[in-house]
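Here the structure is laid out as structure tokens; the discussion comes afterwards.
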Amino acid sequence: MLGGLILIFLLFVVFVPIVEFSDPLGTAILDCEGRLLGAATASDGQWRFGAPEEIPGKFRHALLEFEDHRFDSHPGIDPLAMARALFQDLKAGAIVSGGSTITMQTVRLSRHGRPRTLREKAVECLLALRLELSHSKNEILRTYAGYAPFGGNIVGLEAAAWRYFGRSARDLSWAESATLAVLPNAPALIHPGRRPEALLRRRNALLNRLHQRNLLDEVALELAQAEPLPGPPRPLPRLAPHLLDRARREIPGGGIVTTTLDLETQRRLSAILTRHHRTLKENSIDHLAALVAHTDSGKVLAYVGNVGRLGDQGAQVDIITAPRSSGSILKPFLFATMLSDAEILPEELVPDIPTRIGGFAPRNFDRHFSGAVPASVALSRSLNVPAVRMLRSHGIARFADLLRSLGLTTLFRPADDYGLSLILGGAEVTLWEMTALYAGLGRTAIGSRAQEEQ
């Protein structure tokens, strides 16, 4: 007898399929504190970001009270709820209650609106039992919260919280959590902004039940029921559109991406660039970008890939990742490596004189020469002639190898192809990689200074 039961159980586990979701996901990017920077819909036009990492306590209590208060104890189906639903259906002469558990509803969501028949209900029961065997209660609840409909093209708890309330589900009040708990039950009937009286009635009834379970006291209940309902879905922020586009390219599966950015720093940097852009446009400079990184940790705090509205010509180009001429920004690395290798001293005089090497005759920006200048002064003034002579002394291939070892991936040609112009903009680099290089240079300088002070 026992062996037969074990065999039936094993056959059940092997042959009943695991519930899976293949719905495409949109992409949302958050700052380091979990605040929304921007989001994009999935390929099917739905605001859907998948299962959240955790279910906020208020929403969990509200959802289980409204949908399935025996969720934590039943095996996926609730015989008592199904018997009650059957009695109600027979009494009404139609299907008015399904008796479905959250596990069964999760199964139904994965099967994309199959007709509500007795056969389909039986299939849902089998798949719900299988789902309970393969997933924890928390995983099932997270999956339900990630794929439940919340009206229109809004799918999932986090998308609903951002679209209706402008913040993450973890920051919602009791009233807001109760609102979202009742929405999946009939999203078309009680969509915010369309049928406010139906939504208000269900929300307040749920709040009363939560009060009866001592989750809200009298004052909290009164305040919660006095809160207004949300209006129509609100637009989401677009504080880092180029980073959002980059996340969509690099993470094609979508989902919620937490970044190291700081929302306030991002806003300030965007405002600064917008202000400077007005002046620079007068000089035919149409595009600019900026990246802010913490020197010690290397974490990126702000990311503005370009300025202007995304509809403007070229504004969609992410200049942070687009290769550009290196100009003079490689000079500090040549100076640092020669200093480290004892090839030069900071106050050593270097010639800044008319120079011709083969067919190459470098000139300074101001077209003047200073004779002999200390190496540190040549660097601070970004003099071209001393830099070219220093690179010739150090070795082009040697310097190119150093840059590659530091993380430059755009130096893909042989060193001789760049020649001595490597130090004057002959190479292409990205702002992303150069920021990382300069952060490393800054850490080295800070470390050296700390050793000197000890």
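Each position in the sequence shown, counted from 1, maps to that position plus 860 in this note's numbering.
Note that beta-carbon positions come from the ideal geometry of N, C-alpha and C, so glycine has one too.
Query	Result
Ala1232 beta carbon less than 9 Å from that of Gly1165	no
Enclosing alpha helix (DSSP H) for Leu1271 [first to last residue]	That residue, Leu1271, is in no alpha helix (DSSP H); it is neither H nor E in DSSP.
Reduced DSSP secondary structure (H/G/I, E/B, other) of Asp1122	coil
DSSP-derived helix/strand/coil call for Pro1234	strand
Whole-Å CB distance - Ala1162 paired with Gly1168, under 8 Å assumed	Actually they do not touch by this definition, with Cβ atoms about 17 Å apart.
Proximity to Leu1089 [Cα-Cα], best of Lys1141, Arg1138, Glu1036, Arg1098	Glu1036
Minimum C-alpha distance to Gly1158 - residue among Arg1303, Leu1291, Pro1095, Asp883	Arg1303
Short Cβ contact (9 Å threshold) for Pro1274 with Val1245	no
Inter-stretch contact at 8 Å, needing at least 3 Cβ pairs: the region 912-932 / the region 957-966	yes
With 16 other Cβ atoms within 10 Å as the buried cut-off, status of Phe869	Reliability fails at Phe869, whose pLDDT of 49 lies under 50, so the model's placement of it is uncertain and the value that follows must be treated cautiously. With fewer than 16 Cβ atoms within 10 Å of its Cβ, Phe869 is classed as exposed.
Three-way DSSP call (helix, strand, coil) for Ala899 in this model	strand
Of the residues Glu913, Val1248, Asp1276, the one placed nearest Arg1187, counting alpha carbons only	The displayed chain sequence assigns Gly, not Arg, to residue 1187. Minimum Cα distance to Gly1187 is reached at Val1248.
Nearest candidate by alpha-carbon position, reference Ser1265, set His995, Thr1155, Phe1193, Leu1081	Phe1193
Contact check, Val1160 vs Ala1149, beta carbons under 9 Å	no
Start-to-end residues for the alpha helix (DSSP H) that takes in Ile1000	997-1007
Residues near Thr1269 in its chain [Cβ-Cβ closer than 6 Å; skip 5 each side]	none
For Leu1282 and Arg1309, the rounded distance between their alpha carbons	The predicted position of Arg1309 is uncertain, since its pLDDT is 48 and thus under 50; a value taken from the coordinates is nonetheless stated next. Distance between the alpha carbons of Arg1309 and Leu1282: 30 Å.
Pick from Ala982, Val879, Pro884, Leu890 that is closest to Asp1122, judged by C-alpha positions	Leu890
Per-residue burial, Glu1057 [other beta carbons within 10 Å of its own, 16 or more giving buried]	exposed
Secondary structure of Pro1192, DSSP reduced to three states	helix
Close-in-space but distant-in-sequence residues of the same chain around Leu1251 (CB under 8 Å, 5 per side omitted)	Leu1194, Phe1259, Leu1280, Leu1282, Ile1283
Span of the alpha helix (DSSP H) around Thr963	962-970
Residues near Lys1191 in its chain [Cβ-Cβ closer than 7 Å; skip 5 each side]	Leu1239, Ser1242, Ala1247, Ile1283
Rounded Cβ spacing between Gly1137 and Ile1179 (contact assumed at less than 8 Å)	Note that residue 1137 corresponds to His in the displayed sequence, not to Gly. At roughly 12 Å, the Cβ-Cβ gap does not stay under 8 Å, so His1137 and Ile1179 are not in contact.
Leu1140 to Ile1132 span [Cα, whole Å]	12 Å
Length of the line joining the Cα atoms of Ala1296 and Gln1126	18 Å
Contact test: Thr1269 Cβ vs the ligand ZN heavy atom, cutoff 8 Å	In terms of ligand content, the structure shown is empty, and the ligand ZN therefore cannot be addressed.
Closest residue to Leu924 among Ser1144, Glu1087, Asn1224, Leu1075 (Cα-Cα distance)	Leu1075
Reduced DSSP secondary structure (H/G/I, E/B, other) of Pro1056	helix
Residue environment, Tyr1025, which counts as buried when at least 16 other CB atoms sit within 10 Å	Note that residue 1025 is Phe in the sequence shown, not Tyr. Burial call: buried.
Under the three-state DSSP convention, the category Asp1184 falls into	Looking at the sequence provided, one finds Arg at residue 1184 rather than Asp. Arg1184 falls in the strand class under three-state DSSP.
Rounded Cβ spacing between Gly910 and Leu991 (contact assumed at less than 8 Å)	Not really, about 17 Å apart at Cβ, beyond 8 Å.
DSSP three-state assignment for Ile1116, whether helix, strand or coil	strand
Nearest candidate by alpha-carbon position, reference Ser1236, set His1228, Tyr1004, Asn998, Asp1212	Asp1212
7 Å Cβ shell around Ser903 - same chain, five flanking residues per side excluded	Pro884
Leu1067 beta carbon less than 9 Å from that of Ala1038	yes
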